[in-house]
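Below is one structure; the comments refer to it alone.
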Amino acid sequence: MAIIPSDNWPLCATILCAGGSGKRMGGLSPKQFEPLGEDGLPPLVTALWALAELPMDSVVITHPAGQRERVEELLAPVPGSARRIFVTGGDTRQASVLNGLEALPRSTDAVFIHDAARPFASPELYRTLMARLLEQPELGGVVPCLAIVDTVKHHADKLLLGTMPRDGLALVQTPQLFPFGLILELHRHAAEHGIEVTDDAALLEERAGDAAKPRVGTVEGAQWNLKITRPADRVIASALLKGELV
Numbered sequence: 000m001a002i003i004p005s006d007n008w009p010l011c012a013t014i015l016c017a018g019g020s021g022k023r024m025g026g027l028s029p030k031q032f033e034p035l036g037e038d039g040l041p042p043l044v045t046a047l048w049a050l051a052e053l054p055m056d057s058v059v060i061t062h063p064a065g066q067r068e069r070v071e072e073l074l075a076p077v078p079g080s081a082r083r084i085f086v087t088g089g090d091t092r093q094a095s096v097l098n099g100l101e102a103l104p105r106s107t108d109a110v111f112i113h114d115a116a117r118p119f120a121s122p123e124l125y126r127t128l129m130a131r132l133l134e135q136p137e138l139g140g141v142v143p144c145l146a147i148v149d150t151v152k153h154h155a156d157k158l159l160l161g162t163m164p165r166d167g168l169a170l171v172q173t174p175q176l177f178p179f180g181l182i183l184e185l186h187r188h189a190a191e192h193g194i195e196v197t198d199d200a201a202l203l204e205e206r207a208g209d210a211a212k213p214r215v216g217t218v219e220g221a222q223w224n225l226k227i228t229r230p231a232d233r234v235i236a237s238a239l240l241k242g243e244l245v
């Protein structure tokens, strides 16, 4: 796939979701604010660095209530020409994304939605997503996916119930890229009708049965684009930053 030069990008923005409490990490501070290792940067800071060389018009950072000053201070050293918009997150990630979308200028053409807990998403991944959308503008979005290499089974009550075929299954990552007007409409609709999803692309899947509705395209995800969710993830991320994993 040819990578579209940055000067040919539409007016685009990124929403960095950093509004979670990080309860699964077991710490007192949200995981996106805690440095990775003794000399590492917080995941939110690392995630923003990846945007510095990309032609973003706006970057929205959703943050926990009462944490705006802390977030602004953390991000102050990160370069970049994009306008930074700080928005209080909602009770769920989905609500935080909607808050972020509502804060963006209506002139925005396309928006990346990314979890700050994935600090290793590279500028190249953003470019690959944009290239796919520009090559197929009829798509309703583009997401990075990884093939599943482990065996996947159903289980309940500590008993196996069966094995799922891996063909056609994938692990989906962020950032995910969407036409701005479409994803804003879908998030508003979901909020009004009580539709809950675990990622933004799922909002288009709700409409996938209608052939007239746009579909979501995929690109190859990145093996190192891990999501820092549990304490072991921090150990892996710290090793990555130190070059201890190859």
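Mapping of the sequence shown onto the numbering used here: position 178 corresponds to residue 177, and the numbering continues sequentially without gaps.
Even glycine gets a Cβ: it sits at the ideal position worked out from N, Cα and C.
{"Item": "Answer with buried or exposed for R131, where buried requires no fewer than 16 other C-beta atoms within 10 angstroms of its C-beta.", "Value": "buried"}
{"Item": "When we look at the beta-carbon of R23 and count the other beta-carbons within 10 Å, is it buried (16 or more) or exposed?", "Value": "Note that R23 has pLDDT 41, beneath the 50 cutoff, so the model's placement of it is unreliable and the number below is only indicative. With fewer than 16 Cβ atoms within 10 Å of its Cβ, R23 is classed as exposed."}
{"Item": "Just grab the DSSP bridge partners of G140 for me.", "Value": "V215"}
{"Item": "Alpha carbon to alpha carbon, how far is L158 from N7? Give it in angstroms, no decimals.", "Value": "53 Å"}
{"Item": "T246 by DSSP, collapsed to three states: which one?", "Value": "Outside the shown range of the chain, which is 0 to 245, sits residue 246, and nothing can be said about it."}
{"Item": "Measure the CB-CB distance between V110 and V86 and report whether it falls below 8 Å.", "Value": "no"}
{"Item": "Select from D198, Q93 and L47 the residue whose C-alpha is nearest the C-alpha of T13.", "Value": "L47"}
{"Item": "What's the C-alpha gap between G88 and Q172?", "Value": "20 Å"}
{"Item": "With H, G and I counted as helix, E and B as strand and the rest as coil, what does DSSP make of D114?", "Value": "strand"}
{"Item": "Return the chain-ordered list of same chain residues with a C-beta closer than 7 Å to the C-beta of P78, the five sequence neighbours on each side being excluded.", "Value": "A51"}
{"Item": "Which same chain residues, not among the five before or five after Q175, have their C-beta less than 8 Å away from its C-beta?", "Value": "F111, I112, H113, L128, G140, V141, V142, P143, D198, D199 and A200"}
{"Item": "Let's test the definition: count the other Cβ atoms within 10 Å of the Cβ of Q222 and tell me whether it reaches 16, buried, or not, exposed.", "Value": "exposed"}
{"Item": "Report the CB separation of G100 from L183 in whole angstroms; it is logged as a contact under 8 Å.", "Value": "Checking the displayed sequence, the identity of residue 100 turns out to be Leu instead of Gly. Correct: roughly 5 Å between the Cβ atoms."}
{"Item": "Would you decide whether L193 is buried or exposed? Buried here means 16 or more other CB atoms lie within 10 Å of its CB.", "Value": "The question names Leu, yet the displayed sequence has Gly at residue 193. G193 comes out exposed."}
{"Item": "Could you compute how far the alpha carbon of G25 sits from the alpha carbon of A115?", "Value": "The pLDDT assigned to G25 is 42, lower than 50, so where the model puts this residue is not dependable; a value taken from the coordinates is nonetheless given after this. Distance between the alpha carbons of G25 and A115 is about 18 Å."}
{"Item": "Rounded to a whole number of angstroms, what is the C-alpha to C-alpha distance between G21 and G167?", "Value": "Low confidence applies to G21: its pLDDT is 46, below 50, so where it sits in the model is not reliable, and the reading given next is rough at best. Distance between the alpha carbons of G21 and G167: 31 Å."}
{"Item": "What does the Cβ neighbour count give for P104, buried or exposed, with the cut at 16 atoms within 10 Å?", "Value": "exposed"}
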